[in-house]
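S.K.:
Number of protein chains: 2
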Amino acid sequence: MYRLTNSFPYLLNRVGVRMGELFSRRIAGYGVTLPMYRVMAALWEIGDQRLGDLAAMTTIEISTLSRLIGEMKRRGLVTRTRLKDNARTVAINLTPKGRTLVEELIPIAIHFEEVAVRDFPSKNILDLKTVLAEIYQSLNSIEPEIEEANKARKAAKAK
Amino acid sequence: MYRLTNSFPYLLNRVGVRMGELFSRRIAGYGVTLPMYRVMAALWEIGDQRLGDLAAMTTIEISTLSRLIGEMKRRGLVTRTRLKDNARTVAINLTPKGRTLVEELIPIAIHFEEVAVRDFPSKNILDLKTVLAEIYQSLNSIEPEIEEANKARKAAKAK
DNA sequence: GACTATCATTTGCAAACGCAATTATTGTTG
DNA sequence: CAACAATAATTGCGTTTGCAAATGATAGTC
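Chains as they are written, first to last, in numbering that gives the first Met the number 0: chain A, 0 to 158; chain F, 0 to 158.
Now the structure itself:
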C-alpha cells in the first residue's frame, strides 16, 4: 500500500524544507536570505562564474538568479561584469565585502550541520551524502525518460 | 576546508528541487501542481484533516495552504467544512473527483520513485529513508538551540 | 457572565518565483 | 558577408509565497 509519507521525495523534501527554514532564521540577522547565502558560498568555493553555471550549481532558476544577483550587486556583495572576449556572458564574483560576510556565515553553516546530524554515526551521514550525490547524477539521465512518458500520454489523449 | 557542495543541506536541497521539477512536469498534464498532489496524497493517506495538521504533514506553510485549499475546493478536488462542535477548525477531505484523480497520480509517483532510485540497492534506499525520517525528528529538538544562538547574537550586538 | 487569553484559520501586502518572450552577442553556412 | 541559428542573460507578467495582522471561535478566570 502506497503512503506519501513513506515515499522518498516526501521524506527528502520535508527535511530540506525544515533545514532551510531553520537556517534562514539563523542567518536572517545578518541581513541575508538563504538563496543569497547559497550564491555566496558557491562563489566562495568557485569564483568567477557565469550566470548559467551558478544557476546549475545552486539549483536556482536562472531568471530568479539573474534578479537575485542584481539585488546582491546593489548591496555590494557581488560584482557582475560582461566579458570582453564574449560579451553575451557575464562573470560573477564576490566583492571583499561579500567575501568577509560569507566567511562569517560559513562557520555558522558548519555548526548548523553538525548539530543537525550529531545524533547519527558519521559513517551514515557520509554514505547518505554519497548516495544523494549519485541520485542527483542519475536524475539527469532519467529526465528524457520522464519527458517521454509525458509525450506518450499527450499522444494518447490526442487520439 | 568547507565546501558548500559537500554540505548536507546542499546535497539534500539539490536532489529535492530536481525531483520536484521533474515530477511537476510529469503531472502538469493532469492540471495539477506539485503542492496540490502532496495535499491530495496526504488526504488519501489520512482523511478528514484539519488545516494545521495538513500543513505539518505536507511541510506547506499554513497561510499558503489555506489559499491552496481554497483553489482546490474551487476546482472540486477537496471539501472544507467548519465543524459543528468546534467551529474554529475545519475538516478537509477529498471529493470523489479528487480521490479518482489522486488514485490516477499515485501509480505515476510510484513509478517515478522507482526510476529515480533503480540504480541503487534497495537496502541503501531503505536506510536512507530511515535516516531522513530520524533527522527530521531530531530537527524539532534542535530548533530551540538554533533560536538560542540567534538571541545570543542579538544580545551581543545590542551591547 | 462579561473579560481576557488562547487557538485555528484567513487575509493584506510586499517580495520571490517561473515561464515565455525579448534583447544582445556570437557562431555557422551558403 | 549577409542571413539565419544558437547561446546567454534579462525582462514582462501573472502566480505563489510567507510574514504579520486580523478575524472568528472557544476556553478559562475572577
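Glycine residues also receive a C-beta, built at the ideal position from the N, C-alpha and C atoms.
Please read all numbers here as calculations on a predicted model, not as lab measurements.
Count Cβ pairs between the stretch 122 to 142 of chain F and the stretch 115 to 126 of chain A that sit closer than 8 Å; are there 3 or more?
M.R.: The stretch 122 to 142 of chain F is in contact with the stretch 115 to 126 of chain A.
S.K.: Identify the contact partners of threonine 58 of chain F in chain A, using a Cβ-Cβ distance below 8 Å as the criterion.
M.R.: Asn12, Arg13, Val16, Arg17
S.K.: Rounded to the nearest angstrom, what separates lysine 72 of chain A and isoleucine 26 of chain F at their Cα positions?
M.R.: Using only the alpha carbons, I get a separation of about 37 Å.
S.K.: Would you decide whether asparagine 139 of chain A is buried or exposed? Buried here means 16 or more other CB atoms lie within 10 Å of its CB.
M.R.: exposed
S.K.: Secondary structure at alanine 86 of chain A, three-state DSSP: helix, strand or coil?
M.R.: For alanine 86 of chain A, the three-state secondary structure derived from DSSP is coil.
S.K.: According to DSSP, what are the bridge partners of valine 116 of chain A?
M.R.: In the DSSP assignment, valine 116 of chain A forms no beta bridge with any residue.
S.K.: Between the Cα of valine 116 of chain A and those of F:Ala132, F:Glu102, F:His110, spot the shortest distance and give me the residue it belongs to.
M.R.: F:Ala132
S.K.: Three-state secondary structure (DSSP) at isoleucine 45 of chain F?
M.R.: coil
S.K.: Please tell me whether leucine 53 of chain A and alanine 40 of chain A are closer than 8 Å, where the distance is taken between their beta carbons.
M.R.: no
S.K.: Say whether chain F places a C-beta atom closer than 8 Å to the C-beta of phenylalanine 7 of chain A.
M.R.: Closer than 8 Å to some Cβ of chain F, the Cβ of phenylalanine 7 of chain A qualifies, so yes.
S.K.: Skipping 5 residues on each side, what residues in its chain have a beta carbon closer than 8 Å to that of threonine 57 of chain A?
M.R.: Pro34, Arg37, Val38, Ala41, Leu64
S.K.: Suppose the cutoff is 7 Å on Cβ atoms and the five residues either side in sequence are ignored; what does the same chain contact list for asparagine 92 of chain A look like?
M.R.: Within the same chain, Cβ atoms closer than 7 Å to the Cβ of asparagine 92 of chain A are found at Leu42, Gly46, Asp47, Val77, Thr78, the five residues on either side in sequence being excluded.
S.K.: Using a 10 Å radius around the Cβ and a threshold of 16 neighbouring Cβ atoms, would you call arginine 87 of chain F buried or exposed?
M.R.: Classification of arginine 87 of chain F: exposed, given that the 10 Å Cβ count is below 16.
S.K.: Looking at isoleucine 68 of chain A: is its Cβ nearer than 8 Å to the Cβ of leucine 50 of chain A?
M.R.: yes
S.K.: Report buried or exposed for asparagine 85 of chain A, applying the criterion of at least 16 other Cβ atoms within 10 angstroms of its Cβ.
M.R.: exposed
S.K.: Spatial neighbours of glycine 19 of chain F within its chain, please: C-beta separation below 7 Å, excluding the five flanking residues on both sides.
M.R.: Answer for glycine 19 of chain F: Leu33, listed in chain order.
S.K.: Compute the Euclidean distance between the alpha carbons of isoleucine 109 of chain A and tyrosine 1 of chain F, then round it to the nearest angstrom.
M.R.: 8 Å
S.K.: Can you list, in chain order, the stretches of the alpha helix (DSSP H) that have 4 or more residues and sit fully within the stretch 6 to 66 of chain A?
M.R.: 7 to 27, 33 to 44, 50 to 57
S.K.: Once DSSP output is grouped into helix, strand and coil, what is the label at threonine 4 of chain F?
M.R.: helix
S.K.: Is it buried or exposed, asparagine 12 of chain A, if we count other Cβ atoms within 10 angstroms and call 16 or more buried?
M.R.: So asparagine 12 of chain A ends up on the buried side.
S.K.: For glutamine 136 of chain F, which option in A:Arg24, A:Tyr29, A:Asp118 has the closest C-alpha, if you only look at C-alpha atoms?
M.R.: A:Asp118
S.K.: Does DSSP classify threonine 78 of chain F as helix, strand or coil?
M.R.: strand
S.K.: Have a look at glycine 28 of chain A and valine 31 of chain F and give me their C-alpha separation to the nearest angstrom.
M.R.: 37 Å
S.K.: Is the Cβ-Cβ distance between leucine 3 of chain F and glutamate 112 of chain A less than 8 Å?
M.R.: no
S.K.: Going by DSSP, name the residue or residues bridged to leucine 93 of chain A.
M.R.: A:Val77
S.K.: Can you check whether the C-beta of arginine 49 of chain F is within less than 8 Å of a C-beta belonging to chain A?
M.R.: no
S.K.: Alpha carbon to alpha carbon, how far is leucine 10 of chain A from lysine 96 of chain A? Give it in angstroms, no decimals.
M.R.: 37 Å
S.K.: What is the DSSP secondary structure of asparagine 123 of chain F, counted as helix, strand or coil?
M.R.: The three-state secondary structure of asparagine 123 of chain F, taken from DSSP, is helix.
S.K.: Report the CB separation of valine 114 of chain F from isoleucine 134 of chain A in whole angstroms; it is logged as a contact under 8 Å.
M.R.: Between valine 114 of chain F and isoleucine 134 of chain A a beta carbon distance of about 11 Å is seen, past the 8 Å cut, so the two are scored as non-contacting.
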